[in-house]
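Residues 1 to 102, numbered by this note's numbering, are exactly what the sequence shown covers, in order.
Here a beta-carbon is modelled for each residue, glycine too, at the ideal position from N, C-alpha and C.
Bear in mind the structure is a predicted one, so any value in this text is a computation, not a measurement.
For reference, the structure is listed below as structure tokens.
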Amino acid sequence: LCAERPALRRVAELAVAEKTGARALVTVLERALREFKFELPSTSCKKLVLTETLLDNPAKVLGEILSSPECVKGDIQVWLDEVEQRTKVRLDLADEVRERIL
């Protein structure tokens with residue numbers, strides 16, 4: 001997890017609005033990142049950048065990440081690797097097949 005400086009300022013602004021002191025920092029981050037902690041571990045996503053947009057609309061950002069071509073390509077490969085490991089059968093998908101999945 002990386003954070004952009006404006007996003008950190010936005011976290012502080014949102015925390016002040018909560019009026020619960022330092023605990024509000026955790027509350028703001030938990031609220032914004034809740035769905036990410038459930039969805040991203042099962043994907044090929046290796047980096048998440050905390051932005052103002054993510055803080056203001058986490059569902060939109062999560063959807064964009066999960067549907068991005070980079071993430072989908074990585075997820076296909078993760079799935080193929082898991083199938084091979086589980087079944088000892090290797091599946092090769094031609095590039096044009098992978099592109100059609102995207």
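Inset, instruction - Taking the CB atoms as reference points, tell me whether Glu-18 and Ala-12 lie closer together than 7 Å. - result: Position 18 of the sequence shown holds residue 18. Position 12 of the sequence shown holds residue 12. No, the Cβ-Cβ distance between Glu-18 and Ala-12 is not below 7 Å.
Legend entry - Continuous alpha helix (DSSP H) stretch holding Arg-86: start and end: On the sequence shown, residue 86 is found 86 positions in, with the first residue counted as 1. Arg-86 -> alpha helix (DSSP H) spans 69-87.
Legend entry - Opposing strand residues paired with Leu-50 [DSSP bridges]: On the sequence shown, position 50 is the one that residue 50 refers to. BP columns for Leu-50 point to Ala-3.
Inset, instruction - Inspect the beta-carbon positions of Ser-44 and Gly-74 and report whether they are closer than 7 Å. - result: In the sequence shown, counting from the first residue as 1, residue 44 sits at position 44. In the sequence shown, counting from the first residue as 1, residue 74 sits at position 74. Yes, the Cβ-Cβ distance between Ser-44 and Gly-74 is below 7 Å.
Inset, instruction - Verify whether the separation of the beta carbon atoms of Leu-1 and Leu-48 is less than 7 Å. - result: Along the sequence shown, read from residue 1 onward, the residue named residue 1 stands at position 1. Along the sequence shown, read from residue 1 onward, the residue named residue 48 stands at position 48. Yes. Within cutoff.
Legend entry - Coil, strand or helix - Thr-27 by DSSP: As a working mapping, residue 27 is identified with position 27 in the sequence shown. Helix, per DSSP.
Inset, instruction - With a cut-off of 8 Å on the beta carbons, I'd call Leu-91 and Val-97 a contact; round off their distance for me. - result: In the sequence shown, counting from the first residue as 1, residue 91 sits at position 91. In the sequence shown, counting from the first residue as 1, residue 97 sits at position 97. That belief does not hold up - the Cβ atoms of Leu-91 and Val-97 are roughly 10 Å apart, past 8 Å.
Legend entry - Whole-angstrom distance between Val-61 and Ile-76, CA atom to CA atom: For the purposes of this step, residue 76 is taken as residue 76 along the sequence shown, with counting starting at 1. For the purposes of this step, residue 61 is taken as residue 61 along the sequence shown, with counting starting at 1. If I take the Cα positions, the gap works out to 21 Å.
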